[in-house]
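In terms of my numbering, the sequence shown opens at residue 1207 and continues consecutively. By construction, the Cβ of each residue, glycine as well, lies at the ideal position given by its N, Cα and C atoms. Remember, it's a predicted structure, so these values are computed and weren't measured experimentally. Have a look at the structure below before the remarks.
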Amino acid sequence: ALETGARRGELLGIKKEDIFEYGIKILRSISPTNDDTQLKTKHSKRDISINEDVYQAVTKLAQTKEGYIFDWN
């Protein structure tokens, strides 16, 4: 979150297909009470830049059974 400025729910909503070379598409947000939710505003849907280290780390992470990169646990 520090590298991206994204909210926790937005980071938890990232799927493998949302990651591109040195960027992440923020398309959804999830919470412990709702799995797949809409973003806060229409302007929340955006691309954020990530550096090479973050890109390499995120692309190596395993996916949850729902396809998300990160898990609440």
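- Secondary structure at SER1235: strand, using DSSP grouped into helix, strand and coil.
- Under the three-state reduction of DSSP output, LYS1222 falls in the helix class.
- Judged by their CB atoms, PHE1276 and LEU1233 are not nearer to each other than the 8 angstroms cut-off.
- The C-beta distance from GLY1211 to ILE1254 rounds to 7 angstroms, short enough to fall under 8 angstroms.
- About 5 angstroms separates the CB atoms of SER1235 and GLU1216; that is less than 8 angstroms, so the two are in contact.
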